[in-house]
Structures are given as C-alpha cells and as structure tokens.
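J.: Chains D and V are the protein sequences, given in the same order. If you read the first sequence in numbering that gives the first Met the number 0, its first letter stands for residue 0, the second for the next number, and so on. If you read the second sequence in numbering that gives the first Met the number 0, its first letter stands for residue 0, the second for the next number, and so on. Glycine included, every Cβ here is placed at the ideal spot set by N, Cα and C.
2 protein chains.
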Amino acid sequence: MTGKRPTIDDVARVSGVARVTVSRVLNGGPNVRDEVRARVMRAIEQLDYKVNPQARSLAGGASRLLAFVFASDLENDPNSYYESALELGALRACLTLGYQVLVQNVPQQTPDREKRVLDLITSQRCEGLILSPPYSDDVSLIQAALAQGCKVVTVSPGGPGRGIADGVGVDDEAGGYDMARELLRLGHRRFGFIAGLEGHLSADRRMKGFERALAEESLGQEAWIMARGDFTFRSGAHLAPQLLDHPLSPSALVCANDDMAAGVLSAAHARGLSIPRDLSITGFDDAPVAAIVWPPLTTVHQPVKVLGQRAVEMLVARLTGANTASTPVFQQLDHAVVHRQTTAAR
Amino acid sequence: MTGKRPTIDDVARVSGVARVTVSRVLNGGPNVRDEVRARVMRAIEQLDYKVNPQARSLAGGASRLLAFVFASDLENDPNSYYESALELGALRACLTLGYQVLVQNVPQQTPDREKRVLDLITSQRCEGLILSPPYSDDVSLIQAALAQGCKVVTVSPGGPGRGIADGVGVDDEAGGYDMARELLRLGHRRFGFIAGLEGHLSADRRMKGFERALAEESLGQEAWIMARGDFTFRSGAHLAPQLLDHPLSPSALVCANDDMAAGVLSAAHARGLSIPRDLSITGFDDAPVAAIVWPPLTTVHQPVKVLGQRAVEMLVARLTGANTASTPVFQQLDHAVVHRQTTAAR
DNA sequence: CGCTTCCATGGAAGCGCTTCCAGTAGCACG
DNA sequence: CGTGCTACTGGAAGCGCTTCCATGGAAGCG
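Written as structure tokens, this is what we have:
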C-alpha cells in the first residue's frame, strides 16, 4: 500500500485532458467547461488524488504556510491557555482555508529571538506571521518580517504594534475600565493592582482603563497601590502579601490576568482570609483557571480562540488579495465582565 | 528587500563549484575536500542562503514533516496542558533535528476523525505521526497510517496501542499503584475512584494499579466505589457528591487526572469540607492546575514535555534509519508521586 | 462574409533541489 | 608504463506542479 501516490498527470490521463486543465480545476480557475470539470473531479475522486503541496509551492511560488510565534514558556509559566486557544483558533481557520500553520515557541529571554523568528519564516518560506504578545509589540521584528515580504498580523497589540501591521484584539483599556467600574459600584474605594510585565502593552492598557475609571470617581494615586508581576500564578501569590500589608489596606485586588489572580487567591487562603467577604479579587482573560479555582473568579472575558481564527483569516485575506487596504486594519472583538464569586459589596 | 532569495545555483557560482557539490555540503555528504567545503560554507553565509524545503522535498522525496494529532477540545475540556506540553516538547526537539511539525486538533467526537488524520498525512506528505491519547490506542488508525508508509509514535498508549507502533510513556499502572500505596500508608481504607473516559486505556491502567495496591492489603470491591468522568474539571465536580454521599463514605477520592481532582476539590469546598482534614484527594499528571488550586494537590508527576520530545526523536530515528529495529520500541519514562496538601493521615 | 473577440484547451518551460551516472585525477602495484 | 583502485567533482535528468503563450473554434459585428 506504500505504492506511489497518483500525480496530476495520472488524473489528466484518466480524465482525458491535459495537465493544465486539471490544474485549472484544482485551483478553481475559469475557462473550464462544466462537463470537463466534472470529469476531472471524478478522476480525482477515483484515484484519491491529493495535490502535492511541495510541488505546488515550488512551481507557484506560494507555500501556503503561516507561522505562529508565541513566547510563553511552560517551565516558568504554566499558563498556556492563551497561546493554546490562539493556536486552536488558528488551526481551525486553516482547515477550511487550505493553509498550514507552523508553530514556534520562542521564550522571551532568548538572546537572538528576533533572528529565530525570521529564520523560521525565511527558511520555511512562510507567507504570513501571527505574533502574540509580547511579540505583537516588537516593532523591529514586525518590520523585519514585513521587509521579507511576509504579511503580519498582531494579536492584542499595544500602542506600538497597533498601526504597523494588521491586528486583532479586544479593547484592553475598556476591559480594565469596565472591571474597575464594577468594583466601584460595589463600594470599593481602596485598591491593589497587580500589573503585567514591564513593556507588555496590552496589560498596561488594562491598568490605564482601571485608572481612568477611578479618576472619574475623583480617586487618584492615593486610592491604589501597584505591584508588577509576570503573569504567573507564582508572582500573584508572591505579590499579594505586600499589597495586603500596605497601610492603604485595599479591599479589592485587581490583576492583569487570571493566573496572577489565582495566585492572589491562594495567598489569601493561606492567610485565612475569606473570599469575597474579606477581600475582592478580579482577573482578566477568563481562562479555564478562572472557573476552576475556589471560589470561581470574577474576570473579564475575551474570545481568545476567535482571536486566533480572525488572525488567520486576516492574513489569508491579504495573501489572496481579498484585502488590499493600504493602511493596517485592526479588528476589535468584544470583551465582557464575567461575574463569579470573588467579588462582593464592601 | 523583497528581492528573490538566493538559490543553490547562486551559492555554486559564488563558491566556484557545481550545484551538486553544494548539495553535498548541505546534506553532509562524503567526498568533499575540506577546502571546498569551507569555501561553500563561506558562500552560504555570505549570501545568507537557506535551502528551499519545498524544492528539497520535491526532489528528494522527503518532506521532513511530522504530524501531531490531539483530541482535546478547548470548548468542553479546558485542560490543554497535556497536549500543550507534548507539543512544546515536540517543537523543541524539532529545532535541532531539522524537522517541522504540523499540528492538528481532531475532537474525539468528530465523525470521520480517522479520515481527517489520514488526509493530513497524505495531503501534506507527512513522514511521521505522533498520536496522543486516545488516538494512541486507535489500532485501525495506527495501521492505516503505517500502511501509507508513515512512521508512527504513540504517546502513553494503553494495551492495544502498545506493541503495534513505537511508543513512549510512563508506567501508568505503577503510577496508580504508587499513589494508592501512599494513601494506604496514611491509613485510608475506604476509597472513591474517579476514572477516565471509557476506552481511555492509559487511564484504565491507573485504576488497575490502584486496584492492585488495594488487593495487596486484602481490600477488594467492598473497599471502593467507582465513577466514570471525562477528564474535565466539570465532571470531577459533578461526580464528587455522588461518591461522598455513598454509604461507603470514602475518606479519600482518587482521580485519574488533575482536572477532575480539581473539580472534586471545588465540590468539596462547596459543601464546606476541610481538605485534607475531612477528605483526601489525589490527581494524576502534575499539571499546573495541581499547584494552583487550594490546597495544592497531591498527584503523580509525569514528564509530559519530555514525552513529546522523545516522540519526535524516536520518529526521526526511524526516518533517518538510525533505528531499524524490526519490532516496535517502547520507551518508559519515570513517574513520581508528588506530595502536596490534599492528602493527610486518616 | 471577413473581421475581431472571447472562451476553452494544450504545449513547453521552469520552479530549486537531489539522485544517478559518468567522468577525472592521484596513487599503489606488478 | 599500463592497470585497477579510491577520492572527488560535475552533467543531466527529473520530482509534480503552475505560468506563459499559442492554438483552434464559436460567437459578435458591420
């Protein structure tokens, strides 16, 4: 059964047409009579013919290969949800679009990380690149890829990433704002905020939104304290005590993502606090962990899988010429505050 | 800068040799003088030449493409850790081996799932296939892939998967046994066991090991009750009450994976139980969630990322001819019981 | 009715590589 | 000095496809 696979010439022979005609049928080209098209299709089916993507790529100059790069490192950062969901969405979208995605993990601390990414797209001849945070804000990387003729879509870009290449994401600033409004509504007036890594712009926007909501209630610097984590459970658990012991004595801890919130929750349990009676805690992302911890976490939902799907769709639109916009396009998807059980009235 | 990339002929011209010689250097072939080899290398560097994998594949008949198939569906089953870690390990291994992996997600309930997998490997010309549970036990799928001339490695195969193709995994039966011994040592004599999905053999082996440990203490059917979950948090949370309300009144709940254990934990909290004082709970896998829940979960660690890495290595060994064993090889990696805080003496 | 235009099809070239086979040079041997 | 090696190098063919251009016939037009 290992016998050689049929080629386009086999199909041509069986259906009694020239190779070119089969190619036309394969690629949905025009100028083929319906009768002939049907005959070719039948031969394809009969022979169980599948185009050889390598040959097609070589001849046509289009590899139909996309690259998806993510930074998170399972060693230090078990939160693979965001990346997994993006990938799954991308994979799903590819299924119908006839593209394949090559995944690459490049931990953020990799010394020659930019080169690693560029090497992948040049050596594998990728036509498109999906960048997840924090790479979606790496302007020099984006420009280098673009210069290679590789289309780029950034997922959840912050300020810099936005506007250079196509992008897709939720409005992080509004998400942070909405979450803060919710806590204000519940009567909270003293906050702790656990921010994301320095330079992670989409996380910074969450904080900015939070700040804006406070400002609307005339609450300034005196009303909240900030600590900077690295998105991991560990950092949340580590930072929580500092904030809780601060003289401000916050009644709510707002985190830039769910994993850190889970860490805060764990630290709160460890010191015997009752959640949400003694302390309100919020996250961001609505990752599975948010529903798994006890009590389940109030957070901001974002449709991560759809983000991945859209990223591929936008890329393919550029590649097929369906999108010829001369300026970068940004698709903004909806977020939503999800009320669970870690928030209560003060 | 979008200018065409250099080809092997450019390298040949610059270094003053024939194309074939460059090809020899590229592929580490013999019969090239050191001086010539160095000259070619210099030209490659100078031109920043990268082999065109599509052309190579077309000419040489080797795509250097591997497929990784996993079943878990983020919609119903947020536990992407196992698959993510496998993938990451596989990706890492590929980095040095010059292979690429094509990832595909095929939810288990997909009607034509076998066809979907075969389509991927035939249409993309994949040379190797990595199957994670439950596909690692799908004998007909394995044989179909093998018949296509595609090498197969199964990850954590149960009975059937083992012995048909190369495989890698831990000793699930021993893992279940070890965990049970530990609970017996702590004085537990009445158990609840939350098993995995019917037909998920590696999970069944965990139960078998558990049963054997009990039997060694002369504890039989009367000492434990079983419920069957589907590996999700939800199913653990759902099943726990049934087991706890059973007249046997188990003092420990043993779960076939961590997510279900987290669900049990959540259900236990919901009914006001104090863990581990009122109830001991154990998981399996040592996924990140095990360290994130409160209190952190006692579980059996397995080196998932290494599993993924080994899977690729075994595949490549077959493809390059480094491994010519006529019978399937199985690599068994070590597991270890990780004591955290959901287990206590009875 | 002779002209252009359009549609449907095919022939040939060539994408960038590897593999097969045919050299050529250098050397030891009798 | 011819023979038979071995070590190295190159020419040519061809992998399975797409693209460019040529061809023939059917329609459209004045």
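Taking just the CA atoms, how far does leucine 200 of chain V sit from valine 336 of chain V?
T.: Between valine 336 of chain V and leucine 200 of chain V, the C-alpha separation is close to 20 Å.
J.: Please work out which residues of its chain come closer than 6 Å, Cβ to Cβ, to leucine 183 of chain V, disregarding the five sequence neighbours upstream and downstream, and give them in chain order.
T.: Contacts found: Glu216.
J.: Please report the residue range of the alpha helix (DSSP H) in which alanine 61 of chain D lies.
T.: Premise fails: alanine 61 of chain D is in no alpha helix (DSSP H) and is neither H nor E.
J.: When the Cα atoms are used, what is the spatial distance from valine 100 of chain D to aspartate 8 of chain V?
T.: Roughly 29 Å between the two C-alpha positions.
J.: In the DSSP assignment, what residue or residues form a beta bridge with methionine 225 of chain V?
T.: Paired residue(s): V/Phe192.
J.: Determine which residues of the segment 277-293 of chain V have a Cβ less than 9 Å from any Cβ of chain D, and write them out in chain order.
T.: Listed in sequence order: Ala286, Pro287, Val288, Ala290, Ile291, Val292, Trp293.
J.: For glycine 174 of chain V, count neighbouring Cβ atoms within 10 angstroms of its own Cβ and tell me buried if that reaches 16, exposed if not.
T.: Classification for glycine 174 of chain V: buried.
J.: Let me check understanding here. Comparing Cα to Cα, which of D/Arg55, D/Ala92, D/Ala11, D/Glu126 lies closest to glutamine 308 of chain D?
T.: Closest by alpha carbon: D/Ala92.
J.: Judging by CA-CA distance, which residue of D/Gly262, D/Ala267, D/Leu272 is the nearest neighbour of histidine 282 of chain D?
T.: It is glycine, not histidine, that sits at residue 282 of chain D in the sequence shown. Comparing Cα positions, the closest option is D/Gly262.
J.: Please name the residues in the segment 112-125 of chain D whose beta-carbon is closer than 7 Å to at least one beta-carbon of chain V, in chain order.
T.: Residues passing the 7 Å Cβ filter: Thr121, Ser122, Gln123, Arg124.
J.: On the DSSP letters alone, give me the boundaries of the beta strand (DSSP E) that glycine 356 of chain V sits inside.
T.: Because chain V in this structure spans residues 0 to 345, residue 356 of chain V falls outside the shown range and cannot be described.
J.: For the segment 286-299 of chain D against the segment 251-266 of chain V, are there 3 or more C-beta pairs whose distance is under 8 Å?
T.: Segments in contact, yes.
J.: Which residues mark the beginning and the end of the alpha helix (DSSP H) in which isoleucine 43 of chain V is found?
T.: Here the alpha helix (DSSP H) through isoleucine 43 of chain V covers 33-46.
J.: Just the chain D side, please: which residues come within less than 7 Å of histidine 268 of chain V by C-beta, in chain order?
T.: Here the neighbours are Trp293.
J.: Leaving out five residues before and five after methionine 225 of chain D in sequence, what residues of the same chain have Cβ atoms less than 7 Å from its Cβ?
T.: The answer, listed in chain order, is Phe192, Ala194.
J.: Any C-beta of chain D sitting closer than 8 Å to the C-beta of proline 52 of chain V?
T.: Proline 52 of chain V counts as touching chain D.
J.: Is the shortest distance between the beta-carbon of phenylalanine 209 of chain D and the beta-carbons of chain V less than 8 Å?
T.: No, phenylalanine 209 of chain D does not count as interfacial toward chain V.
J.: Are the CB atoms of isoleucine 120 of chain V and alanine 144 of chain V nearer to each other than 8 Å?
T.: In this structure, alanine 144 of chain V lies closer than 8 Å to isoleucine 120 of chain V by Cβ.
J.: Counting only runs that start and end within the segment 159-220 of chain V, where is the beta strand (DSSP E) found for 3 or more residues in a row?
T.: Those beta strand (DSSP E) runs which fall completely within the segment 159-220 of chain V and span 3+ residues are 165-169, 190-194.
J.: Mapping the DSSP letters down to three states, classify leucine 332 of chain D as helix, strand or coil.
T.: In the structure shown, leucine 332 of chain D sits in a strand (DSSP, three-state: E or B).
J.: Name, please, each residue of chain V whose Cβ falls closer than 7 Å to the Cβ of tyrosine 81 of chain D.
T.: Ordered by position in chain V, no residue passes the 7 Å Cβ test against tyrosine 81 of chain D, which lies about 10 Å from the chain.
J.: So, is the C-beta of valine 102 of chain V closer than 8 Å to a C-beta in chain D?
T.: With 8 Å as the cut-off, valine 102 of chain V counts as an interface residue toward chain D.
J.: What span of residues does the beta strand (DSSP E) with alanine 251 of chain D cover, start to end?
T.: 251-254 is the extent of the beta strand (DSSP E) around alanine 251 of chain D.
J.: Using only CA atoms, which one of D/Met206, D/Arg41, D/Ala61, D/Arg189 lies nearest to glutamate 221 of chain D?
T.: With distances taken between Cα atoms, glutamate 221 of chain D lies closest to D/Arg189.
J.: Hey, glutamine 103 of chain D and leucine 218 of chain V are a contact pair by Cβ (cut 8 Å); roughly how many whole angstroms apart?
T.: In fact, because the Cβ distance is near 50 Å, the residues do not count as touching under 8 Å.
J.: Classify glycine 346 of chain D: buried if its beta carbon has 16 or more other beta carbons within 10 angstroms, exposed otherwise.
T.: Residue 346 of chain D lies beyond the residue range present for chain D, which begins at 0 and ends at 345; the question has no answer from this structure.
J.: If tyrosine 80 of chain V and serine 79 of chain D are in contact, beta carbons under 8 Å, what's the gap, nearest whole angstrom?
T.: 6 Å between Cβ atoms; contact.
J.: So the beta strand (DSSP E) serine 279 of chain V belongs to, where does it begin and stop?
T.: Its beta strand (DSSP E) spans residues 279-281.
J.: Are there three or more Cβ pairs, one per stretch, closer than 8 Å when the segment 251-260 of chain D is compared with the segment 272-282 of chain D?
T.: Because the criterion of three Cβ pairs below 8 Å is met, the segment 251-260 of chain D and the segment 272-282 of chain D touch.
J.: So serine 56 of chain D contacts chain V; which residues on that side make the cut at Cβ distance below 8 Å?
T.: Residues of chain V passing the Cβ test: Gln53.
J.: Compare the C-beta of glutamine 99 of chain D with all C-beta atoms of chain V and state if any pair is closer than 8 Å.
T.: Output row for glutamine 99 of chain D: interface = yes.
J.: Please name the residue, chosen from D/Arg36, D/Gly127, D/Pro133, that lies closest to phenylalanine 69 of chain D on a Cα-to-Cα basis.
T.: Of the listed residues, the one whose Cα sits closest to phenylalanine 69 of chain D is D/Pro133.
J.: So, does the CB of leucine 272 of chain D fall closer than 8 Å to a CB anywhere in chain V?
T.: No, leucine 272 of chain D does not count as interfacial toward chain V.
J.: Between which two residues does the alpha helix (DSSP H) harbouring histidine 237 of chain V extend?
T.: Histidine 237 of chain V -> alpha helix (DSSP H) spans 232-244.
J.: Can you list the alpha helix (DSSP H) stretches of 4 or more residues lying completely in the segment 73-108 of chain D, in chain order?
T.: Segments of the alpha helix (DSSP H) lying fully in the segment 73-108 of chain D: 80-96.
J.: Compare the beta carbon distance of valine 305 of chain V and leucine 96 of chain V with 8 Å and say whether it is the shorter of the two.
T.: Result no, Cβ atoms of valine 305 of chain V and leucine 96 of chain V do not sit closer than 8 Å.
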